[in-house]
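Protein chains in written order, with our numbering: chain S, 1 to 258; chain P, 1001 to 1236. Using N, Cα and C, we set each Cβ at its ideal position, and we do this for glycine too. For clarity, every value in this text was computed on a predicted model and none was experimentally measured. Everything on this sheet refers to the single structure shown next.
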Amino acid sequence: MKHNFIDQYSDLDSLIHRLDPRVKFISILAFIIVVVSTPIRNWLSMVTYFCLIVACLVLSRLPPVYVLKRSLAIFPFVLVIAVFIPFFKPGEVAGSYNLWLGRISITYDGLFILANIASKAWLCILALILLSGTTKFTFLLKGLRQLRVPEVILMIISFMYRYIFLVVDEAMRMRQGRDSRNFGGTRWHQLRTIGHMVGTLFIRSYERGERIYAAMVARGFDGEVRSLNELRFAPADACFSFVFGFVLIYSFVTFGLV
Amino acid sequence: MDKVIEIEGLSFSYPDGQQALQEVNLVVHAGESVAIIGPNGAGKSTLLLHFNGILRGNSKVRICGLPAEDRNLKEIRRRVGMVFQDPEDQLFSPTVFDDVAFGPINMGCSKAEAEKRVKQALERVGMSGYERRSPYHLSVGEKKKVAIATVLSMEPEILVLDEPTSNLDPRSKWNLIKLLQGLCITKIVATHDLELVRALCHRTVMLDHGKVVADGSTEVILSDLSLLQAHGLAPC
Chain S
1 MKHNFIDQYS DLDSLIHRLD PRVKFISILA FIIVVVSTPI RNWLSMVTYF CLIVACLVLS
61 RLPPVYVLKR SLAIFPFVLV IAVFIPFFKP GEVAGSYNLW LGRISITYDG LFILANIASK
121 AWLCILALIL LSGTTKFTFL LKGLRQLRVP EVILMIISFM YRYIFLVVDE AMRMRQGRDS
181 RNFGGTRWHQ LRTIGHMVGT LFIRSYERGE RIYAAMVARG FDGEVRSLNE LRFAPADACF
241 SFVFGFVLIY SFVTFGLV
Chain P
1001 MDKVIEIEGL SFSYPDGQQA LQEVNLVVHA GESVAIIGPN GAGKSTLLLH FNGILRGNSK
1061 VRICGLPAED RNLKEIRRRV GMVFQDPEDQ LFSPTVFDDV AFGPINMGCS KAEAEKRVKQ
1121 ALERVGMSGY ERRSPYHLSV GEKKKVAIAT VLSMEPEILV LDEPTSNLDP RSKWNLIKLL
1181 QGLCITKIVA THDLELVRAL CHRTVMLDHG KVVADGSTEV ILSDLSLLQA HGLAPC
């Protein structure tokens, strides 16, 4: 079956694609931390961050439509979370005002914060798309391994990446099987059927896990994860991290002090 | 001839009480190509899992002269290459290279040595150039071949295959059989695909309800129609 892979454009070739995954990971992580911790009213910093990430995206040659679509797809989640923020705001500001006036000022403040959070989230999502779109998943894992991320977590991510589509396929086949036997009846019956399907999926995944473990043990796995490293830090990586870091810190400090 | 597998009076029951094997005796010599046939649920896969100590019953199992005990398991698993029925279970790494290199790396090979073994193993199964591919994107036939490469890279002395031809179309199946015929190594194949047995194995062991019901040359056993019928391997 056809799936959208998270790294479907990672086979392109560009300056950004060729960077060491560790450099990309750390740069993007720094970018996110700086963006999130920039005070709300520093619009100039925000504009600089935006230009920085757009410049990287242009360099990476990722199709703009793909980037836009992907970033919008994640947007609803952000909105759902951010929409509640104006409702928390009145508790702190209001207090002495009466309810009617208080509500007016809250809406204005709230909208401001909402817009801010949304734009920050969008910047972060663009940065993550830049990372995931230009890095092969396996190389990202290798990079994380060299950055001393615990092996257990890496294995979980790696297995998830390997088997998630298989689980999705299995769920699709079960749905086809259900539909071809004319799934209908009362709502309660439908829910029960879905419950059984989820349960079956869980048991199948569990059993697959056992078989995979047997296959690993059969090839000498003893609980310790071993791997071959083949990443290296090139001059281009140093250049990129320097420029990226400089722009980030410069805009954070300069515009932040205005 | 060297005995590579010696099993004496092996019984095994699963934790739920289901008796899977009863008093199985089996000796396999080096260089033999043995088919283990039997209907579904006869205990074929359970027997195979005893060959590298993943399951251990109540008896004396000796692999290449080593008793199947904790201290020998590492060595036994290096010598016995086990290919599981569903290649999706065997190929768990993000790339073909990582999967074929998994065994050698666990054996403690150096990077250069592991790369050499991966290259050779993929060549032997005709899958050179697939190193960077994701196993998910391969066809079933290709997955089976890569699954065989993942154990060949450990340079085993015995190749154990569970239903190697299941889910394959005739062309892929015969490609795979040719590939297996070309490997000079002791082979043990559990299957109910009698075409495969005829083409690949000189000796056949028939299993039913966890017991060995026949053991002899493939020609004799496969021409005994009443025996095949009695154990669900031929239409009545």
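For Gly133(S), does the count of other Cβ atoms within 10 angstroms reach 16, so buried, or fall short, so exposed? buried
At the 8 Å Cβ level, is Ile1054(P) part of the contact set with chain S, yes or no? yes
Going by C-alpha distance, which of Gln1018(P), Val1027(P), Gly1081(P) and Ser1045(P) is nearest Leu1183(P)? Gly1081(P)
For Lys1144(P), would you say it is in contact with chain S, using Cβ-to-Cβ distances shorter than 8 Å as the test? no
Check whether the segment 1135-1147 of chain P and the segment 1065-1072 of chain P touch, using three or more Cβ-Cβ pairs below 8 Å as the test. Touching, no, given that fewer than three Cβ pairs across the two stretches are closer than 8 Å.
Alpha carbon of Gly95(S) to alpha carbon of Ile113(S), nearest angstrom: Because the pLDDT at Gly95(S) is just 41, under 50, the model does not fix this residue reliably, and the point stays unresolved.
With DSSP as the reference, identify every bridge partner of Arg1062(P), one or two as the case may be. Arg1062(P) is bridged by DSSP to Glu1006(P) and Pro1067(P).
Please identify the residue among Tyr1136(P), Lys1211(P), Ser1153(P) and Val1151(P) whose C-alpha is closest to the C-alpha of Glu1088(P). Tyr1136(P)
Does the segment 144-154 of chain S come within contact of the segment 225-239 of chain S, defined as at least 3 CB pairs closer than 8 Å? yes
C-alpha gap between Gln190(S) and Arg181(S), whole angstroms: 13 Å
Best match in Glu1113(P), His1029(P) and Asp1016(P) for proximity to Asp1002(P) [C-alpha to C-alpha]: Of the listed residues, the one whose Cα sits closest to Asp1002(P) is His1029(P).
Cβ-based neighbour list, Val1125(P), same chain, cut-off 8 Å, excluding 5 preceding and 5 following: Lys1145, Val1146, Ile1148, Ala1149, Leu1152 and Leu1179
Limits of the beta strand (DSSP E) - the one that Ala55(S) falls within: No beta strand (DSSP E) holds Ala55(S); the alpha helix (DSSP H) holding it covers Trp43 to Ser60.
So that I know if they touch, is there some Cβ in chain P lying closer than 8 Å to that of Leu263(S)? The requested residue 263(S) does not occur in the structure, where chain S is confined to residues 1 to 258.
Quick one: using the 10 Å Cβ neighbour count with 16 as the cut-off for buried, is Pro76(S) buried or exposed? exposed
Taking only beta-carbon atoms, is Tyr1130(P) less than 8 Å away from chain S? no
Does any C-beta atom of chain P lie closer than 8 Å to the C-beta of Val167(S)? no
Expressed to the nearest angstrom, what Euclidean distance is found between the alpha-carbon atoms of Tyr206(S) and Tyr213(S)? 11 Å
Secondary structure at Arg1198(P), three-state DSSP: helix, strand or coil? helix
Residue-level contact to chain P via CB, Arg211(S), 8 Å cutoff: yes
Considering just the uninterrupted stretch of the beta strand (DSSP E) at Ala1020(P), what are its terminal residues? Gln1019 to His1029
Would Thr200(S) pass as an interface residue toward chain P - the criterion being a Cβ-Cβ separation below 8 Å? no
In chain S, which residues lie less than 8 Å from Val1034(P) when you measure between Cβ atoms? By Cβ distance, chain S contributes nothing, its closest Cβ being about 19 Å from Val1034(P), past 8 Å.
Measure the Cβ-Cβ separation of Val1083(P) and Val1205(P) and say whether it is below 8 Å. no
Is Ile1005(P) close to chain S? Criterion is C-beta to C-beta, closer than 8 Å. Not one chain S Cβ lies under 8 Å of Ile1005(P).
Can you pull the DSSP bridge partners for Leu1159(P)? Gly1081(P) and Lys1187(P)
Local conformation of Leu1207(P) per DSSP, three classes: strand
How would you list, in chain order, the residues of chain S whose beta-carbon sits under 8 Å from the beta-carbon of Gly1103(P)? Arg219 and Gly220
For His1050(P) and Met1127(P), what's the separation of their Cα atoms in angstroms? 30 Å
Which whole-angstrom value describes the C-beta separation of Ile125(S) and Ile74(S), a residue pair presumed to lie in contact below a C-beta threshold of 8 Å? 5 Å
Determine, using beta carbons only, whether Met960(P) comes closer than 8 Å to chain S. An answer regarding residue 960(P) cannot be provided, because it is not within the stretch 1001 to 1236 covered by chain P.
So which of His1202(P), Gly1041(P) and Lys1119(P) has the shortest CA-CA distance to His1231(P)? Among His1202(P), Gly1041(P) and Lys1119(P), the Cα nearest to that of His1231(P) is on Gly1041(P).
Among Ile1037(P), Ser1226(P), Ile1105(P) and Val1024(P), which one has its Cα closest to the Cα of Arg1192(P)? Residue 1192(P) is actually His in this sequence, not Arg. Here the closest residue by C-alpha is Ile1037(P).
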